[in-house]
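The structure under discussion appears below in the form of structure tokens.
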Amino acid sequence: MTASDPPPNGGSGEASSLAAEAQEIYRQRQQLEERMEALAGFLTSEGMPGLDGPLVDEEGFPRADIDVHAVRDARHQLACLKTDYRELQRRLEDILFRIHEDSARKAPDDQSNAAPTTHDETNETSETPTRQEDQPPPLLDVDQRAGRGELVMAYLPMETHKLHP
1 MTASDPPPNG GSGEASSLAA EAQEIYRQRQ QLEERMEALA GFLTSEGMPG LDGPLVDEEG
61 FPRADIDVHA VRDARHQLAC LKTDYRELQR RLEDILFRIH EDSARKAPDD QSNAAPTTHD
121 ETNETSETPT RQEDQPPPLL DVDQRAGRGE LVMAYLPMET HKLHP
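Written out as structure tokens, the structure reads:
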């Protein structure tokens, strides 16, 4: 069997090749991250101008305390690596979408396997309020409502400073 031959198990070969490609891109991404961290470490080390600090002094002359060429080269390499990183991220995202699309197509339809439900069994919520209250119900009341078969959609944090400007 050569590398160009299809796998013997049929359609799962595409998913496995996509997974292998995703792992390779992930490995490349980790290598890029390590190189970017090394360059950022060099640029932000003691006495260096940082990622975007000035390379000239107050009078407009190149700083004598740093190797301006090395800093410019490191910044250029870092910018190129960031571009490569974004491209790898885009490719990885595309591959992951394709993997999930393939698995969704292969998965059996959940609706056909589910038991039919009657209207009484479904829990429906209405967007129209049934009553107006000035204060929210206490948590105990909400918990009691959930015990009676009412669904609690979400507990959201209250931030009073946003309510009263």
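The UniProt record's numbering numbers the first residue of the sequence shown as 1 and each following residue consecutively. Don't be surprised by glycine CBs; every beta carbon is placed ideally from N, CA and C. Since the structure is predicted, the reported quantities are computational estimates derived from the model, not experimental observations.
Check whether L55 and T44 have beta carbons under 8 Å apart: Along the sequence shown, read from residue 1 onward, the residue named residue 55 stands at position 55. Along the sequence shown, read from residue 1 onward, the residue named residue 44 stands at position 44. Cβ atoms of L55 and T44: not closer than 8 Å.
Touch test, the segment 60 to 70 against the segment 34 to 49, Cβ-Cβ under 8 Å, three pairs minimum: yes
According to DSSP, P62 sits in a beta bridge with which residue or residues? Looking up residue 62 in the sequence shown gives position 62. P62 pairs with V56.
Locate the alpha helix (DSSP H) running through D102, then write down its first and last residues. If you number the sequence shown from 1, residue 102 lands on position 102. Element bounds for D102: 68 to 106.
Q111 versus E24 - alpha carbon distance: As a working mapping, residue 111 is identified with position 111 in the sequence shown. As a working mapping, residue 24 is identified with position 24 in the sequence shown. Note that Q111 scores a pLDDT of 47, beneath 50, so its modelled location is shaky and nothing firm can be said.
Which of the three DSSP states is assigned to S45 in this structure? Taking the first residue of the sequence shown as 1, we reach residue 45 at position 45. Of the three classes helix, strand and coil, the one that applies to S45 here is coil, per DSSP.
Rounded to whole angstroms, what's the CA-CA distance from L88 to L32? Just pull it up for me. Within the sequence shown, numbered from 1, the residue matching residue 88 stands at position 88. Within the sequence shown, numbered from 1, the residue matching residue 32 stands at position 32. C-alpha separation (whole angstroms): 10 Å.
Given K82, which residues of its chain have a CB within under 8 Å of its CB, disregarding the five upstream and five downstream residues? Your numbering for residue 82 matches position 82 in the sequence shown. These residues qualify, in order along the chain: M36.
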